[in-house]
Every structure is written in structure tokens, then in C-alpha cells.
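Student: Dropping the structure in here first, questions after.
Number of protein chains: 2
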Amino acid sequence: MMISMAGFYEILSTMVPLYLAMLLAFASVKWWRMFSDEQCSGINKFVANFAAPLLSFKIIYSNDPYKMNHKLILADTMQKLLILFALMLWVKLTKRGSFDWMITLFSMSTLPNTVILGIPLLRAMYGEESEQILFQIVVLQFVVWYPFLLFLYELREAKGAVGRRVSTAVINGSTVVLEVEARSETRMSSLSLATVDGQGSTTAMNGSVVLVVEASAKENSLGYLNGEEGTANSKEREVQVEAAPPQMRMINLLILVWSKVIKNPNTYSSILGLVWGLISFRFNIRMPKIVDKSVTILSVTGLGLSMFSLGLFMASQPNLMPCGKRNATIAMFVRFSFSVVVMSMCSILLGLQGNLLKVAIVQAALPQGVITFVFAEEYKAHEDILSTAVCFGTLISLPITLAYYFLLSVFHA
Amino acid sequence: MMISMAGFYEILSTMVPLYLAMLLAFASVKWWRMFSDEQCSGINKFVANFAAPLLSFKIIYSNDPYKMNHKLILADTMQKLLILFALMLWVKLTKRGSFDWMITLFSMSTLPNTVILGIPLLRAMYGEESEQILFQIVVLQFVVWYPFLLFLYELREAKGAVGRRVSTAVINGSTVVLEVEARSETRMSSLSLATVDGQGSTTAMNGSVVLVVEASAKENSLGYLNGEEGTANSKEREVQVEAAPPQMRMINLLILVWSKVIKNPNTYSSILGLVWGLISFRFNIRMPKIVDKSVTILSVTGLGLSMFSLGLFMASQPNLMPCGKRNATIAMFVRFSFSVVVMSMCSILLGLQGNLLKVAIVQAALPQGVITFVFAEEYKAHEDILSTAVCFGTLISLPITLAYYFLLSVFHA
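Here the protein sequences line up with chains A and B, keeping their order. Per our numbering, residue 2 is the first one in the first sequence, and the count goes up by one each step. Per our numbering, residue 2 is the first one in the second sequence, and the count goes up by one each step.
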């Protein structure tokens, strides 16, 4: 069965605008020098905190959660667990396997850019119903899989801390030396330092830093350090080190993950959207028009601005393939091939059919989700590879995704 | 004839989201300190250069220019010319009248926020057809009246220059003294200094400054100064002063206005939109879907982001009424009453009727257009009053516009 020219034009006229928005941003920074780094970060902040979460919120609450397809959810979960299991085996049994690579490969094989690129592209390919399919995958992504990825990164930090000592922290320009017993290992796991530009000289700066100090295996202590400063000099400092029992270790890890997850507006918006969807479709209560429009006025900015923001990000990178050709090849293979093969297997195994099967497969071949790069950069773990997966991957994805689309339409004939 | 509750709710559910977007921006700066000044300016730049012009472009090319209503265009033009004439008389005949006040009052009585607040509000009040009506006013605004306002400001600069001497200019940190004959008056009218953050020390900085030197009345000279610098020190400087004949004076003024107008993306987008509209509706050629969607992906961000940007602007002002109560009262009177009375007179005189009449009147009662503040600030002319007209005016406008809406519906009964 051949694809009609009209169908092909429909897909192009959905994707070209998205890529043009990205190109415009890239050009405005690289060629026209319209935006400084700080100005770019203003736009990115708006996207990360308002536009993108409101877009997810809108998509999730607009779709009926009682029409969730259990087979799809199972297939999606099975794909991720299978890959995780395979990677864990690889780490255990081979010399080349490492925990760092396990996380990176897991991230690259399971977390595509579903909201921004996936929904418009698959709607153009398979019609309105594909939104209903994808929103389920989006909910799982934000509520389960991104938090899980954070958990893996935090676990890596905890593992990595053994054999390392970080006993100094720079707070508001002053170096603070944290005294730790020789046998214990120190790790700074969360640094949230509020930098507030004071408007007058009476204005106080508040910085609070939480240092998690982990003993090698025996004990666990949590150090809180609150720094309160005037314009230039430290006024008050307080260090509390609380000893915690060993079994608290995993709990502390989970608390850290949780504290990061709840800071992510995408998690809020997904959970809120799902809760409202459950109420709304159960009791047939529609979102009041005034609320719906209030969400929509900023959520409609999400699509164009997310692509614009992605273009700004590309312009900020030294090049589109900072990790080198070898790693780029691995990244592209994992993203566009391995991921799809596993998803196809799981979907067929669970009996997905028709458009549901096609959507499930093609969404697995989307370029890498931008959030995975944000995490990798935060934890300094293969951030060059994730940058390549996002930038280079997004650039080359269109023909690849189209190839899968054609392939599926031929097979289905 | 009473307004239905449904109609009233329709209006509220259009306006509340716009104001919420504005409030969100205000809160994110004033209360949550999410965005620095520089980050705000990044968002504002995106709005001024991409979102707002694309929104105007989309609105203008989507409406049939052959259905322009000549009576409406005449009424709109007559309102502006009448007000201009009255203000000129006031300047000539009274002691209190001044050229500065003339420009400010003209700006405040003729240039409302038509695209962002006008179109959604009036569509909620009078249905889809009001967009077709307003787009005509938008075209005139951007192609005729904003350039004319710029012309007035430039004329004011030229007048103000008599009796003043500005003979120094700071270029890339160095002060340049421009030698002028004692009898001539100097004015710096356009300063376009490219500040490019060099990425390496070999990188060159290019700054070019155009200084217009005007002789008192007899002669006119144009000074070009090109500064080219290394990282810190000036390498090369060149000053060319060309003498120009006296009759060139007005031409130079017009060139200055033109050079500013063509830098304004709203002018481009309006003219391009009108040209495409003329071709498209004449020959029945539709914009290719791929182009239309490319425009739309960013133009849809225009509404929400413009309001967001307005909220950022409000947060950046020392207070919402920086010009004091007396001037604020004048501003509100001119914007919400004088403007409307003159527009009503002109519209009735020219025989406008029905919804066309109502739309023409209510649009004159919209809050002040943001661009007028940008001009006032650029020329340092009553910028505090224009800031009040925009900020305070936008905040109080909703009940006022609604009052006119109710009044008109009662009269029409």
C-alpha cells in the first residue's frame, strides 16, 4: 500500500514549520547575534517552567484516561524493563559495561521527544487518535520514567562517591571546609544556592546548601549548612550535622530524587493533568472555559517555543556532534534502531495491531527527548553524547522516522 | 436590549486568560524573582521581533483587503487628523500647549492596543466579523500612523536641537569629540552601535555610529563615524563630514524616519501581509499550507507572549503610575474618553452603522498600545505618562471597555 502524496505533504507541512522555528532560533544566535546567553536562558526558562508543562498539562487532561490501552502501557513498560535488564546484565557480565554507560544507553533507548515532535508528527501520519495513544506514553514518561532516570543518576552519584572526597563547598564566594572523619566518604549531592540580585545594599542574600555526607557503609550523616549574607560579607553561618542510621541511606537517596522530581514542572503538570482527566471523564465535568482558555493561551506557545528553545540550545553547543563520530554512531544506532526493535518486539508480543502498533513503533524512533540532556549535564555523565543525540539526532530524524512510516505502510499492505 | 449572561461569560473567558498571562509574568519577576532584567529582555526581543510581527502578518494576510470598508477607513483617518489639527491649534494659540504635549496627547488619543487586546475582545463581543473590521485599522496603524508618530518625534528632536549642543559621543568606551562650527547645532539622532561579544581575543568589534549634525538653519551636515576596535583599544577611526544643501534638511529627516520604520518588524509584516492579501484574494491563490503553518507555529505564541511581555514590562517599572495622579488622570481621560468621543463623532458623521459602528467605537476605548511607550522612551518624551497609560490603563481598561459595550447595546435597542 503506497502512501498518498497528500499524506506525505501533510507530514511535511507539520514537520517543516517545527524545524524552521528551530532554524530561526539557531540563526538568530549563531548568525545574527540577536540573543546573548543570558537572554537565551530567559526564553529557555519560560519554556521549561511555563510553556512546555502547560502543553503537557493540556494534552493530558484533554484525553480520556479511561480509554487507556492496557496492552500499550504493558508494551511500553516491557520495552523499558527489558532494556534495563539487558543493560544490567551487560554491566555485570562484561568488562566494557559500566554503570555510567548503562544509564546513558537506557536514557537513549527509552526516552524520545514525545510531546513536541511525537504528537504533531504522528497526528499527521495516523490522525487524531494517535494523540490519545501518545498521551498515555507521555504520562508514563513524566510520572515514572524521568523520575526513575533521576534515581539512576543519584545512585551513580552515591556509588561514585566511594573513593572520592569532596570536603569543600563554595558558598556565596566563600570556601567552606566541611570536616569529616577520615574513614567516611563525603559527597555533595544537592546544591541549591539562591542567588538573588539585591536591589539595595540593605538587601540580604540567602543561600542554603544541603550537603549529604555519606559514611563509607557504616553510617550516614546529613549536614545542613545555611549561609546568610549581606551584600558582600558573611554575617551568619550555621552548620548542623545530624547522624542518621545506616538504613536511612536508601531513604535519603529517595528523598533526594523526590526533591528533584517535585521541582520539575513537567511532573506537576502530568500528575495534575491526569488527576483532572480522571475526575473530568469519570463525572463528565468539563474544564470551565475560562480555565481551559487560561491554560491554552500559554500552552499554545509550547510547540513553537520548545523548538525555538531547542534551536537556541543547538547554537549554544560547540558543535552538533561534540562526542565524536564513534559515540555519535552508537547514539544514533541506539536511538533509531535498538529502541525501535525492542519496542516492536514487545508490541507484537502483546498483540498490538493496526494504527496502535504503528504509533507505538514510530514513536520509539523519535529523536532524543531534551530533558535527558538536561539531566546528563546536571550529573556530568556523558553530556556530550546526550547533546549529540538531541542535536544531531533531531536534525537527521525526519527521514528516518519517515522511513519507518513507509516501511510500516508497506508491511501492512 | 440586555446582554446575555452567555455573552458576558464569553467576554470574560477571553479577557481573563490574557490578564492572567500578564499577572503570571508580573509575579514571576516581582515576587518569585525567576527572571533577571537581561532574561526579560530576551523574552521581549523574541516577542518584538518574531511573535508579534508574525501575529500581525497572519491577521493581515488572512483578511480580504478588497472587503475594506471605505467609510471605516475614512472615519479612522478623520479621527486622527481632527485630533492632530485640534492639538496643533492648541499649541499655536495657547500658552500651555507645547510640541511635546501635542505628540504625547496625539499618541494617547489615537493608538490603542488593537492587535493583542482589541481583536480577541471584540471578537468575543461582536463575533468573527470584527476581525475583518479591525485588521483594516491595524494595517493603517502600522503602515501610516506609527511611522507618522516617529516623524513627529524626529521633528521634535530637530526642533529641540536648536539651542543645544551635543558634540561628544561615547563609542566602545572611548569618548569621541566631534568638532563642529560654533554657529551650527549638533544633534545625535541615530546611534546604532553594534556590540558584539568577541569569543576570542582576535575577534574584532565593529561599531558604526551615524551622527547627524544640523546647522542652525543654513546648512546641514552629515557625519559618519566608523569605529573599528580590537578587544580593548581603538585601531582605526575615520570621520567623514559631508556638507549638505539646506533643502536636504527635510529629506534627511524623512530618511531618518524611514530608517527607523524599516527597522520595525511590525511595518514589514504589515506591508508584506497586505501585499500577500492583495495577491491572494485577487487571484484566489491560497497561502501554501506549509508556509501558513510555518507562520502559525510562532504567530500563535504572539497573543500569550505579548501579554506576558507586558507583565514583564509592568514589573520593570518603579510603579504603575510613575507620572503622578494629575498626569495619570489626563492620560486616562484622553485614552478612554476623548479618543472615543472623537471616533464616535467621525463614525456617525460618515454613516457607520450596526456592528461596524460599535466595533469602531469600542476599539477606540482599548488601552494604550505598547509600541507608543517604546517610542516615548526612545525619545525621552513623557515616557512616564506613556508607561502609566500602558500599565495602569491596561489594568483598569476591562470595566471601561465593558461599560461602552453595555452602553452601545442599550442605545442600539
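Think of the CB as a built atom: it goes at the ideal place given N, C-alpha and C, for glycine as much as any other residue.
For V181(B) and V92(B), I'd like the C-alpha separation in whole angstroms.
Tutor: No answer about V181(B) holds up, because its pLDDT of 37 lies below 50 and its placement is not dependable.
Student: Where does I104(B) land, buried or exposed, given buried means 16+ other C-beta within 10 angstroms?
Tutor: buried
Student: What is the C-beta distance between V391(A) and F376(A), in whole angstroms, given that I count them as a contact (C-beta under 8 Å)?
Tutor: The beta-carbon distance between V391(A) and F376(A), rounded to whole angstroms, is 12 Å. This is too long to meet the 8 Å contact definition.
Student: On the criterion of 16 or more Cβ atoms from any shown chain inside 10 Å, does N267(B) qualify as buried, or is it exposed?
Tutor: buried
Student: List the residues that DSSP assigns as beta-bridge partners of Q369(A).
Tutor: P113(A)
Student: Find the residues of chain B that neighbour G43(A), judging by a C-beta separation of less than 8 Å, and give them in chain order.
Tutor: F36, S37, E39, Q40, C41, S42, G43, I44
Student: Taking the alpha-carbon of T297(A) as reference, which of L255(B), T302(B), T297(B), K294(B) has the nearest alpha-carbon?
Tutor: T302(B)
Student: What does a CB cutoff of less than 7 Å around Q142(A) pick up in its chain, not counting 5 residues either side in sequence?
Tutor: Excluding sequence neighbours, Q142(A) sits near L112, T115.
Student: Tell me whether L82(B) is buried or exposed, calling it buried when 16 or more other Cβ atoms sit within 10 Å of its Cβ.
Tutor: By the neighbour-count rule (16 or more Cβ atoms within 10 Å), L82(B) is not buried but exposed.
Student: What does the alpha-carbon distance come out to for the pair N320(A) and Y20(A)?
Tutor: 18 Å
Student: What three-state label does DSSP hand L418(B) in the structure shown?
Tutor: The shown model of chain B, from 2 to 414, leaves out residue 418(B), and the question about it has no answer.
Student: If I measure Cβ to Cβ from Y406(A) and keep anything under 7 Å in the same chain, skipping five residues before and after, which residues do I get?
Tutor: Once the five neighbours on either side are set aside, the close Cβ partners of Y406(A) are M126, V363.
Student: Check whether the Cβ atoms of I306(B) and A52(B) sit closer than 7 Å, and answer yes or no.
Tutor: A quick correction: the sequence has Leu, not Ile, at residue 306(B). Contact annotation: L306(B) and A52(B) have beta-carbon atoms nearer than 7 Å.
Student: If you compare alpha carbons, which of M79(A), R34(A), L118(A), R124(A) is closest to I349(A)?
Tutor: M79(A)
Student: Quick one: residues in its chain with C-beta nearer than 6 Å to the C-beta of S110(B), no 5 flanking neighbours on either side, listed in chain order?
Tutor: Counting only Cβ-Cβ distances below 6 Å, and skipping sequence neighbours, we find I84, V335, F339, S340.
Student: From what residue to what residue does the alpha helix (DSSP H) around G128(A) run?
Tutor: Looking at the DSSP string, G128(A) is not in any alpha helix (DSSP H), and its letter there is neither H nor E.
Student: What residue from I272(A), M346(A), M315(A), N285(A) has the CA that sits closest to V139(A)'s CA?
Tutor: I272(A)
Student: Hey, is T302(A)'s beta-carbon within less than 7 Å of any beta-carbon in chain B?
Tutor: yes
Student: Alpha carbon to alpha carbon, how far is L311(B) from L150(B)?
Tutor: So the two alpha carbons sit approximately 21 Å from each other.
Student: What are the start and end residues of the alpha helix (DSSP H) that includes T95(B)?
Tutor: Run containing T95(B): none; DSSP gives neither H nor E here.
Student: Which bits of chain B does L299(A) rub up against, with CB to CB less than 7 Å?
Tutor: A22, G305
Student: Chain B beta carbons: is any one of them nearer than 7 Å to that of S295(A)?
Tutor: yes
Student: Give me the chain A residues within the contact set of L19(B), using Cβ-Cβ distance strictly less than 8 Å, ordered along the chain.
Tutor: I298
Student: Give, in chain order, every residue of the segment 3-14 of chain A whose Cβ lies closer than 7 Å to some Cβ of chain B.
Tutor: L13, S14
Student: List the whole-angstrom C-beta distance separating A361(A) from M344(A), where the pair is believed to meet the contact cut-off of C-beta under 8 Å.
Tutor: 6 Å
Student: Who are the neighbours of F47(B) on chain A, taking C-beta pairs under 7 Å?
Tutor: Here the neighbours are I44.
Student: If you measure beta-carbon to beta-carbon, which residues of the segment 377-391 of chain B are closer than 8 Å to chain A?
Tutor: Taking 8 Å as the upper bound on Cβ-Cβ separation, chain A lies near no residue of the segment 377-391 of chain B.
Student: Can you give the beta carbon distance from G278(B) to D65(B), rounded, assuming they're within the 8 Å contact cut?
Tutor: 7 Å
Student: Near L387(B), which residues of its chain fall below 6 Å by C-beta distance, leaving aside the five closest residues on each side in sequence?
Tutor: Same-chain partners within the cutoff: T373, F374, A377.
Student: Examine chain B for any beta-carbon lying closer than 7 Å to the beta-carbon of K264(A), and answer yes or no.
Tutor: no
Student: Could you check if H71(A) is buried or exposed, using at least 16 other CB atoms within 10 Å of its CB as the buried criterion?
Tutor: It is exposed - the Cβ of H71(A) has fewer than 16 other Cβ atoms within 10 Å.
Student: If you draw a straight line from the C-alpha of Q137(B) to the C-alpha of V145(B), how long is it?
Tutor: Roughly 12 Å between the two C-alpha positions.
Student: Determine the closest residue to I120(A) out of E155(A), I44(A), T15(A), L408(A), with distance taken between C-alpha atoms.
Tutor: T15(A)
Student: If we ignore side chains and look at the alpha-carbon of each, how far apart do L75(A) and G370(A) end up?
Tutor: Distance between the alpha carbons of L75(A) and G370(A): 21 Å.
Student: Going along the chain, which residues of the segment 119-130 of chain B sit with their C-beta nearer than 9 Å to a C-beta in chain A?
Tutor: none
Student: Does chain A have any CB closer than 7 Å to the CB of I291(B)?
Tutor: yes
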